[in-house]
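Colleague:
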Amino acid sequence: MSSSKEETRSSGKLEKEGNEHATPIALRRAEDLVLVMDTPKGRGVFAAKDIPAKTVLEVSPVLVLDPAENAEHICKTDLFNYTYNWPYMPTAKAPEGNLKGRVTMTQAIIFGLGSMFNHSGLNQNVVWERDLRNLLITYSTLRDIKAGEELCISYGDRLTFKDADREREENRDPDDWTDVLNIIDFID
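Taken in order, the sequence shown gives residues 67 to 254; the numbers are from our numbering.
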């Protein structure tokens, strides 16, 4: 039972012959994260315990969608609301109509908790980093997180929904400097 795609054990690592991406990648998730089903923003990820700054919360695998399939199928479903923008490089396996070798933008599905982090433009406390080669996203805390606090990322400025943070900011008492002081504290 010998094949060029056969998995073998070598030097304690799982490898496939002829595959440079065969070295296993550890997928991590921090302990004490909880998914709350009914928040003002919908489902959300919260800290069950205090979490220090710069803690890796999760390493999530990514499924990059073919732009044509995305436009034809995914964009017409609720799943589209959970996708991320992602660079797309067509391969020989790409459906007809896609130009080989031309990088474009498409959508990607993020597995794990990645698609459950809500948006916060004002109180973002989690940063995410793409790993294009390995098709992963790593989420880490930007600052110390208190137990019970929602973990939020920034979706950027082009939102397809009403930004709850901005609406709250517009209705904020102009003499209340709490948010500004929190941002200043974050910069330290």
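Each residue gets a CB set at the ideal place from its N, CA and C atoms; glycine is no exception.
Pull up the CB-CB distance for Asp98 and Ala114, whole angstroms please, since I reckon it's below 8 Å.
Modeller: 4 Å
Colleague: So if DSSP puts Gly214 in a beta bridge, which residue, or which two residues, is it bridged to?
Modeller: DSSP lists no partner for Gly214.
Colleague: Three or more C-beta pairs closer than 8 Å, one from the stretch 142-152 and one from the stretch 169-180: is that the case here?
Modeller: Output reads yes: the stretch 169-180 touches the stretch 142-152.
Colleague: Considering only residues of the stretch 86-169, which uninterrupted beta strand (DSSP E) runs meet the minimum length of 3 residues and lie entirely inside it, listed in chain order?
Modeller: 99-105, 108-113, 122-130, 149-154
Colleague: At a cut of 8 Å, does the stretch 137-144 reach the stretch 185-195 through at least three beta carbon pairs?
Modeller: no
Colleague: Taking the Cβ atom as the reference point for each residue, do Thr121 and Ala96 lie within a distance shorter than 8 Å?
Modeller: yes
Colleague: Helix, strand or coil for Leu201, going by three-state DSSP, please let me know.
Modeller: The answer is coil: DSSP assigns Leu201 none of H, G, I, E or B.
Colleague: Just how far apart, CA to CA, sit Met155 and Gly214?
Modeller: 40 Å
Colleague: Between Thr170, Val102, Ser206, which lies nearest to Gln190 when the distance is taken from Cα to Cα?
Modeller: Ser206
Colleague: Suppose the cutoff is 7 Å on Cβ atoms and the five residues either side in sequence are ignored; what does the same chain contact list for Phe112 look like?
Modeller: Cβ neighbours of Phe112 within its own chain (closer than 7 Å, five residues either side excluded): Val100, Val102, Gly214, Glu215, Glu216, Leu217.
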